[in-house]
Structures are given as structure tokens and as C-alpha cells.
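**Student:**
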Amino acid sequence: MPIFTISHVTTYRYRKPVAFGEHRMMLRPRDDSDQIVLDAELDIAPAPAEISWERDHFGNHVGTARFAERSRELRFTSTIRLEHAPFTFRADDIKDFARTFPFVYAEDDNPYRAPLTSNPELHRWAAGFLREDGTADTYALLVGMTQTIRRTFKHLARHEKGVQDPFETLTLNSGSCRDLAMLMIEALRTLGIAARFVSGYLHLKGGDDHVTGGNTHAWVQAYVPGPGWVDFDPSSGNVGNENLVRLATVHDPREAIPLSGSWIGSRSDHLAMKVFVKVAATAP
Numbered sequence: 009m010p011i012f013t014i015s016h017v018t019t020y021r022y023r024k025p026v027a028f029g030e031h032r033m034m035l036r037p038r039d040d041s042d043q044i045v046l047d048a049e050l051d052i053a054p055a056p057a058e059i060s061w062e063r064d065h066f067g068n069h070v071g072t073a074r075f076a077e078r079s080r081e082l083r084f085t086s087t088i089r090l091e092h093a094p095f096t097f098r099a100d101d102i103k104d105f106a107r108t109f110p111f112v113y114a115e116d117d118n119p120y121r122a123p124l125t126s127n128p129e130l131h132r133w134a135a136g137f138l139r140e141d142g143t144a145d146t147y148a149l150l151v152g153m154t155q156t157i158r159r160t161f162k163h164l165a166r167h168e169k170g171v172q173d174p175f176e177t178l179t180l181n182s183g184s185c186r187d188l189a190m191l192m193i194e195a196l197r198t199l200g201i202a203a204r205f206v207s208g209y210l211h212l213k214g215g216d217d218h219v220t221g222g223n224t225h226a227w228v229q230a231y232v233p234g235p236g237w238v239d240f241d242p243s244s245g246n247v248g249n250e251n252l253v254r255l256a257t258v259h260d261p262r263e264a265i266p267l268s269g270s271w272i273g274s275r276s277d278h279l280a281m282k283v284f285v286k287v288a289a290t291a292p
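In the numbering used here, the protein residues as written are 9 to 292.
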């Protein structure tokens with residue numbers, strides 16, 4: 009199992025010293041069976057007057073920092089060492105009753121089955137992955153949708169805040185990783201398949217095991233009877249968790265912002281926000 013070392017630095021700069029309100033942080037990866045945090049360091053400058061941690065109702069780590077002093081710069085430096093166990097999704101992993109879609113979940117009230125929006129065009133697009141009688145091979149449906157989005161949609165960097173409406177992504181035939189993830193999530197939910205939004209890091213693997221690189225990323229988890237929550241990355245077309253590190257899993261992407269907060273001053277005081285991410289993989 010590889011060891012990932014993740015450096016995530018966010019820096020805010022201002023024209024003159026400003027005051028800071030509360031900042032909400034989701035910078036520590038989840039405690040899942042396939043990823044184990046070995047070390048976690050968080051350095052904040054200026055140092056907060058108070059910092060607290062809790063788990064939200066999804067089981068994600070959420071920190072809150074409160075500040076007393078003013079500054080022209082606010083910097084968050086998160087350094088994580090994490091043991092990662094790659095998982096490959098196979099058709100044989102699926103329980104017999106769920107190998108053909110549609111199937112019935114044991115818990116019919118799964119909240120991840122409820123779409124955030126309702127659009128008939130999106131429903132028709134999702135239904136295109138089914139046979140004429142409305143059935144499908146479950147494995148082929150999930151993998152096929154992931155790889156179709158990768159093949160037919162343009163993946164681009166979009167710096168505006170928030171996530172596009174899935175129908176807009178469908179219409180534009182393009183979007184960022186978070187937009188493509190929400191398109192697939194909403195398509196699966198319209199079919200009755202439980203799906204949730206994942207934010208985290210992507211390790212950009214090169215020709216050897218010591219190549220460094222990476223960025224923040226977003227993808228999909230669908231609940232499949234048998235293996236449970238399985239990772240699907242429509243931006244790359246990859247299935248399984250290889251090179252993916254989860255920070256948070258949520259129903260709505262607005263609940264998974266890595267860092268958010270407020271500052272007190274004039275609008276013109278804000279100069280820049282810069283984010284630096286580096287992911288390195290080494291042998292254990």
C-alpha cells in the first residue's frame with residue numbers, strides 16, 4: 009500500500025491589516041477502511057485564538073478557527089501522511105440480487121437517492137444507459153456512465169464558485185470535475201441509485217512510484233449492494249479509489265467546501281487568494 013504525503017496551502021493577502029471571522033475547515037481526510045491517516049499537521053498564521061474539531065452528520069472532520077488579531081495575510085498549511093489501499097471494483101463483488109438493474113435497496117429511505125433537482129432531459133439522458141425494457145447490467149451501467157462522461161464531455165477548469173446545474177452541464181457538454189460529478193450523481197439518483205459527492209485529492213501518477221503531483225478533486229460514490237460505497241471518477245473515466253484521497257462525502261457539494269470564512273474590512277483590501285497542493289506517493 010502506498011503512502012501519500014499531501015501538502016495543501018491556502019494563502020489570503022490583503023492591502024492592510026484586516027480582522028477575521030470564523031473559518032470552517034475540511035482539511036483532514038476521512039477515516040475510511042481504505043485510507044488511514046498516519047500524521048496530520050495544521051499550521052495557521054496568524055495563530056487562531058481558538059480552534060475546535062467535530063464530526064458532521066456524514067462522519068467528516070470539520071474544524072473551526074476563531075481569530076483575535078488582525079493581519080495582512082492569513083495562511084493555512086495542512087500536511088497529511090496517509091496510508092492508502094487501492095480497491096478495484098468488479099462485477100463479481102455485487103450481490104446477486106443487485107447485479108441487474110433495477111434492484112431494491114435493503115433500506116428504501118436512503119437519503120442519497122433523492123435528486124437535488126428535477127429535469128426531464130437529464131432523466132432521458134440517464135435512461136439512455138438502460139435497455140428498452142428499462143433494465144441494465146448494474147456493473148455495465150455504472151462503469152458505462154463514468155466512461156461515457158469522460159469520453160463525450162469536455163473537462164475544463166472553472167474558477168467560478170459553486171457547481172453548475174447538471175442540466176447546464178448536459179447542455180454545454182462541458183464542466184469542471186465537480187460539475188461532471190454532480191451530473192453523474194443526479195443522473196444516478198433519477199434512476200433510484202444512491203450516489204453522493206466526494207471532495208478530496210487526486211494523485212497524478214507518472215512513470216515511477218515517486219513522481220509528485222496532484223490537485224484538489226471531486227468525484228462520485230455510488231452505493232452498490234456488496235462492496236458498499238464505490239468510487240467513480242467521471243473526469244478521468246476511472247473506477248475504484250486508486251490515486252484518490254477522500255476529504256469529505258456529502259449529499260450536496262455545498263457541504264464539502266475545504267475552507268471558508270469571513271474577514272472584516274473594505275472590499276478593496278482583498279488582494280489575492282492562492283492555493284497550492286502537492287501529493288507525493290512513496291512505498292510504505
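Glycine included, each C-beta is placed from N, C-alpha and C at the ideal position.
Would you mind sorting N289 into buried or exposed? The rule is 16 or more other CB atoms within 10 Å of its CB.
**Tutor:** In the sequence as presented, Asn is not what sits at residue 289; that position holds Ala. That one is buried.
**Student:** Provide the residue span of the beta strand (DSSP E) that contains I59, from first to last.
**Tutor:** E58 to R63
**Student:** Check whether the region 34 to 47 and the region 75 to 83 touch, using three or more Cβ-Cβ pairs below 8 Å as the test.
**Tutor:** no
**Student:** Can you give me the C-alpha to C-alpha distance between V219 and N251, rounded to a whole angstrom?
**Tutor:** Reliability fails at V219, whose pLDDT of 42 lies under 50, so the model's placement of it is uncertain and the value that follows must be treated cautiously. For V219 and N251, the distance between alpha carbons rounds to 12 Å.
**Student:** Applying the criterion that 16 or more other CB atoms from any shown protein chain within 10 Å of the CB defines a buried residue, is G183 buried or exposed?
**Tutor:** buried
**Student:** Select from G236, P235, H259 and S243 the residue whose C-alpha is nearest the C-alpha of T224.
**Tutor:** S243
**Student:** Determine the direct distance from the alpha carbon of F175 to that of E129, and round the result to whole angstroms.
**Tutor:** Going by the C-alpha atoms only, they are around 7 Å apart.
**Student:** Can you tell me which of D173, E115 and K213 puts its alpha carbon nearest to the alpha carbon of T125?
**Tutor:** D173
**Student:** What do you reckon, are the CB atoms on G200 and K103 nearer than 8 Å?
**Tutor:** no
**Student:** Within 10 angstroms of its Cβ, does T257 collect 16 or more other Cβ (buried), or is it exposed?
**Tutor:** buried
**Student:** Would DSSP call F95 helix, strand or coil?
**Tutor:** coil
**Student:** Between Y231 and N118, how many whole angstroms is the CB-CB distance? I'm expecting something under 8 Å.
**Tutor:** Y231 to N118, Cβ: 7 Å. Contact.
**Student:** So D39 packs on N249, CB below 8 Å; how close in whole Å?
**Tutor:** Not confirmed; about 15 Å, so no contact.
**Student:** If distances are taken between C-alpha atoms only, which option among G208, Y22, W237 and I52 comes closest to H31?
**Tutor:** I52
**Student:** Cβ atoms of R121 and A202: under 8 Å apart, would you say?
**Tutor:** Taking 8 Å as the Cβ cut-off, A202 and R121 qualify as a contacting pair.
**Student:** Determine the DSSP secondary structure at M153, reduced to helix, strand or coil.
**Tutor:** helix
**Student:** Does the Cβ-Cβ distance between F205 and A264 come in under 8 Å?
**Tutor:** yes
**Student:** Expressed to the nearest angstrom, what Euclidean distance is found between the alpha-carbon atoms of S15 and A55?
**Tutor:** 19 Å
**Student:** Which residue's Cα is closest to the Cα of F109: T87, F137 and H92?
**Tutor:** F137
**Student:** How would you label I157, buried or exposed, when you count the other beta carbons within 10 angstroms and need 16 or more for buried?
**Tutor:** buried
**Student:** Between which two residues does the alpha helix (DSSP H) carrying H131 extend?
**Tutor:** That run of the alpha helix (DSSP H) goes P128 to A135.
**Student:** Have a look at I88 and I11 and give me their C-alpha separation to the nearest angstrom.
**Tutor:** Cα to Cα, the separation comes out at about 10 Å.
**Student:** To the nearest angstrom, how far is the alpha carbon of V287 from that of G208?
**Tutor:** 11 Å
**Student:** Do you know how far the Cα of L90 is from the Cα of R2?
**Tutor:** The structure shown does not extend to residue 2, since the chain spans only 9 to 292, so no value can be given for it.
**Student:** Using the beta-carbon count (16 or more within 10 Å), is T198 buried or exposed?
**Tutor:** Flag for T198 reads buried.
**Student:** Tell me the DSSP secondary structure of M9 in three-state form.
**Tutor:** coil
**Student:** Give me, in chain order, the residues of the same chain whose beta-carbon lies closer than 6 Å to that of L191; leave out the 5 immediate sequence neighbours on both sides.
**Tutor:** P174 and T177
**Student:** If you follow the alpha helix (DSSP H) that T179 is in, where does it begin and where does it stop?
**Tutor:** P174 to L180
**Student:** Would M9 be called buried (16 or more neighbouring beta carbons within 10 Å of its own) or exposed?
**Tutor:** The C-beta of M9 has fewer than 16 other C-beta atoms within 10 Å across all chains shown, which makes the residue exposed.
**Student:** Nearest by alpha-carbon distance to E58: which of F66, F28 and V45 is it?
**Tutor:** F28
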